[in-house]
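**Q**
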Amino acid sequence: MSLRLDVDKETGVAVVTLDRPERLNAVDVGTAAELAATWRALRFDDAVRAVVLTGAGGRAFSTGLDRDAVVPQPSSPYSQDDPLIAIGPKTNDLWKPVIAAVAGMACGGAFYLLGEADFVIADETATFFDPHTSYGMVSAYESVLLAQRMPYGEVARTVLMGNAERMGARRAYEVGLVSEVTAGGGALAAAVRCATVIAGYPTEGVQGSVRALWAAKEAARDRGFAQAPHLIALGNLPGDQQSGLFHDRPRTPPRIR
1 MSLRLDVDKE TGVAVVTLDR PERLNAVDVG TAAELAATWR ALRFDDAVRA VVLTGAGGRA
61 FSTGLDRDAV VPQPSSPYSQ DDPLIAIGPK TNDLWKPVIA AVAGMACGGA FYLLGEADFV
121 IADETATFFD PHTSYGMVSA YESVLLAQRM PYGEVARTVL MGNAERMGAR RAYEVGLVSE
181 VTAGGGALAA AVRCATVIAG YPTEGVQGSV RALWAAKEAA RDRGFAQAPH LIALGNLPGD
241 QQSGLFHDRP RTPPRIR
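Counted from 1, the sequence shown has number 180 at position 180 by our numbering; the numbering is strictly sequential.
1) Can you tell me which of the three DSSP states Phe225 falls into?
2) Report yes if the C-beta distance between Gly109 and Gly58 is below 7 angstroms; otherwise report no.
3) Can you give me the start and stop residues for the alpha helix (DSSP H) that Leu42 sits inside?
4) Alpha carbon to alpha carbon, how far is Asp8 from Glu154? Give it in angstroms, no decimals.
5) Please state the DSSP three-state secondary structure of Ala50.
6) Out of Gln241, Gly168, Leu145, point me to the one whose CA is closest to Arg223's CA.
7) Please classify Met105: does DSSP put it in a helix, a strand, or coil?
8) Pick helix, strand or coil for Thr17, following the three-state DSSP scheme.
9) My understanding is that Tyr141 touches Phe225, with C-beta atoms under 8 angstroms, so please give their C-beta distance in whole angstroms.
10) May I have the straight-line CA-CA distance separating Ala69 from Leu42, to the nearest angstrom?
11) Name the DSSP beta bridge partners of Ile99, please?
12) Within its chain, find whatever has a CB closer than 6 angstroms to the CB of Thr268; leave out the 5 residues flanking it on each side and keep chain order.
13) If the criterion is Cβ atoms closer than 7 angstroms, does the pair Glu39 and Val210 meet it?
14) Can you grab the Cα-Cα spacing for the pair Tyr201 / Val120, in whole Å?
15) Can you confirm whether the stretch 116 to 136 touches the stretch 150 to 166 when touching is taken to mean that 3 or more C-beta pairs between the two stretches lie within less than 8 angstroms?
16) Can you find the residues in the same chain that come closer than 6 angstroms, C-beta to C-beta, to Phe128, ignoring five residues on each side of it along the sequence?
17) Going by DSSP, what residues sit across from Met167 in a beta bridge?
18) Nearest CA to the CA of Thr252: which residue from Val27, Ile232, Glu165?
19) Could you have a look at Thr91 and say whether DSSP puts it in helix, strand or coil?
20) Reducing DSSP to helix, strand and coil, say where Glu180 ends up.
21) Is the shortest distance between the beta-carbon of Pro97 and the beta-carbons of chain B less than 7 angstroms?
22) What does DSSP give as the partner residue(s) for Ser62 in the beta ladder?
23) Could you pull the DSSP bridge partners for Thr159 from this structure?
24) Please name the residue, chosen from Glu174, Ser139, Ala37, that lies closest to Leu231 on a Cα-to-Cα basis.
Next comes the structure, spelled out in structure tokens:
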């Protein structure tokens, strides 16, 4: 298992932990299936009224799709399988509030999860970046989700600068991606505190509020997602060229802002 679920029945808070620290909590096909199954199972657990999502190890919340993951694709140009498209709580009809607690790196496919969290708490070690363009890939789904949390110019800079620049926790707070910055190692405890407060409220009103907030966002998200497969098919380099860029690009330290 690459996912850990801990439920405190007294407080009504569940903590979902991406538990692949040796892979910087990157999501492979198995982890993607576990995430979807976990969100759907939590819909039926009345003892859980709020959820915290985090990553194990402290070095990363998640670095997105595991580059060693094998994702078979249909031969038809009209079909594209994205293993991360269904890893978020909202996509799986979970309307219990989800708070993300971020330490270390959160990049690329991690935004599938952060984009469907209700708010994000980060510690001072957190950095956010999107490496797609550095490796000859279109940032499509990630860009749509980021655009619902940050001003256009900040999203454009994050996406287009790729690996050359990382957004620190303080800047992420300033532009609205993060709602609170804690001292190092403090994000999880802060997220659990918030979740405990929320779990103490009548759950019908809480879930209805989550659903209403998401309704305000999902029309724009769905329109953006509808364009994503075509843009990826047109703009992505072939896989071998992407791998070449990944392995051969000089590893210059990224600028943190």
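Glycine residues also receive a C-beta, built at the ideal position from the N, C-alpha and C atoms.
**A** Reading off the structure:
1) Correct three-state label for Phe225: helix.
2) No, Cβ-Cβ distance for Gly109 and Gly58 is not below 7 angstroms.
3) Here the alpha helix (DSSP H) through Leu42 covers 29 to 42.
4) Rounded to the nearest angstrom, the two C-alpha atoms are 37 angstroms apart.
5) Under the three-state reduction of DSSP, Ala50 is assigned to strand.
6) Per the Cα distances, Leu145.
7) Strand.
8) Looking at Thr17 - three-state DSSP - the assignment turns out to be strand.
9) Right, their Cβ atoms sit about 6 angstroms apart.
10) One C-alpha to the other measures close to 26 angstroms.
11) Looking at the DSSP output, Ile99 bridges to Val52, Phe119.
12) The chain is shown only over 1 to 257; residue 268 falls outside these bounds and no answer can be derived.
13) The residue asked about is misnamed: residue 39 is Trp in this sequence, not Glu. No, the pair does not count as a contact, with Cβ atoms beyond the cut-off.
14) So the two alpha carbons sit approximately 20 angstroms from each other.
15) With the cut-off at 8 angstroms, the stretch 150 to 166 and the stretch 116 to 136 touch.
16) Here the set comprises Ala106, Met167, Ala172.
17) According to DSSP, residue pairing for Met167 in a beta bridge involves Phe128.
18) Closest by C-alpha distance to Thr252, out of Val27, Ile232, Glu165, is Glu165.
19) In the three-state reduction of the DSSP assignment, Thr91 falls in the coil class, being assigned neither a helical nor a strand state.
20) Glu180: strand per DSSP, three-state reduction.
21) Protein chain content of the structure displayed is limited to a single chain, and chain B is not contained in it.
22) Within the DSSP bridge table, the entry for Ser62 names Ala106 as partners.
23) For the record, residue 159 in the displayed sequence is Val; it is not Thr. In the DSSP output, where bridge partners are listed per residue, Val159 has none listed.
24) Measuring from the Cα of Leu231, the nearest candidate turns out to be Ser139.
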